[in-house]
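So in the working numbering, the last one in the sequence shown is 141, and the numbering has no gaps at all. Positions of the beta carbon are idealized from the N, C-alpha and C atoms, including for glycine. Here the structure is a predicted model, which is why all the values come from computation and not from measurement.
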Amino acid sequence: MMKLVKVNILGVNEVQCSAKSPRSRTPAHQENQLVASVNLNMGPGECANGYCVNAAWNVAEMCPVQLAAVAYSHDNNVELQYGTLLPIYDVLLEIAQLEGHPELKKLAKRLLIRREPFDVYYRKTRGDLEKIFDNCK
Numbered sequence: 005m006m007k008l009v010k011v012n013i014l015g016v017n018e019v020q021c022s023a024k025s026p027r028s029r030t031p032a033h034q035e036n037q038l039v040a041s042v043n044l045n046m047g048p049g050e051c052a053n054g055y056c057v058n059a060a061w062n063v064a065e066m067c068p069v070q071l072a073a074v075a076y077s078h079d080n081n082v083e084l085q086y087g088t089l090l091p092i093y094d095v096l097l098e099i100a101q102l103e104g105h106p107e108l109k110k111l112a113k114r115l116l117i118r119r120e121p122f123d124v125y126y127r128k129t130r131g132d133l134e135k136i137f138d139n140c141k
């Protein structure tokens with residue numbers, strides 16, 4: 005799924021390299037937006053005696069469960085005002101235009117449709133708040 009991201013983002017669809025200090029290692033872990041991270045430590049053993057290079061990238065399976073998890077995580081990050089690396093709406097548009105993957109396309113289209121009511125609600129709420137604050141002057 006990460007190949008659908010059109011812009012190059014280190015660690016998402018481009019390999020991200022970093023130098024690790026002695027006695028540090030990065031095991032596979034869950035990245036932001038609920039995707040898996042693959043980390044390859046290239047160095048002496050587990051980097052116990054010296055510095056090593058670490059290559060990392062995210063992987064996400066092309067399936068409805070993974071897409072739902074990414075969308076849920078995105079919504080949660082927006083709610084908590086956290087930044088997100090994965091441009092979810094761009095990915096959803098790409099999935100909706102893919103050949104094959106009928107279940108994935110169906111979910112992507114549903115997720116795209118739900119954004120419009122949120123935008124309308126946000127604009128309405130923001131407009132109401134602006135009126136309230138303008139009246140307080």
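Worksheet item: Does the pairing of the stretch 70 to 81 with the stretch 98 to 114 give three or more beta-carbon distances under 8 Å?
Response: yes
Worksheet entry | Buried versus exposed, by CB contacts within 10 Å (16 or more), Asn80 | Indexing the sequence shown from 1 puts residue 80 at position 76. The residue is exposed, with fewer than 16 neighbouring Cβ atoms inside 10 Å.
Discussion item. Check for me: the beta strand (DSSP E) holding Gln20 runs from which residue to which?
Written reply: Residue mapping note: residue 20 aligns to position 16 of the sequence shown, counting from 1. It spans Gln20 to Lys24 - the beta strand (DSSP E) in which Gln20 sits, taken as one unbroken run.
Fill in: Euclidean distance between Cα positions of Pro26 and Ile117
Sequence index remark: in the sequence shown, residue 26 carries index 22 (1-based). Sequence index remark: in the sequence shown, residue 117 carries index 113 (1-based). Taking the straight line joining both Cα atoms gives about 49 Å.
Worksheet entry | Identified DSSP bridge partners for Asn45 | Position 41 of the sequence shown holds residue 45. Asn58.
Practice prompt. Using a threshold of 8 Å, state whether the C-beta atoms of Leu44 and Ser77 are closer than that.
Written response: Here residue 44 refers to the residue found at position 40 when the sequence shown is read from its first residue. Here residue 77 refers to the residue found at position 73 when the sequence shown is read from its first residue. Result no, Cβ atoms of Leu44 and Ser77 do not sit closer than 8 Å.
Worksheet item: By DSSP, does Leu14 sit in helix, in strand, or in coil?
Response: As a working mapping, residue 14 is identified with position 10 in the sequence shown. Three-state DSSP puts Leu14 in a strand.
Fill in: Between the CA atoms of Met5 and Val95 - distance to the nearest angstrom
Taking the sequence shown and counting its residues from 1, one reaches residue 95 at position 91. Taking the sequence shown and counting its residues from 1, one reaches residue 5 at position 1. Rounded to whole angstroms, Val95 to Met5 spans 8 Å at the Cα level.
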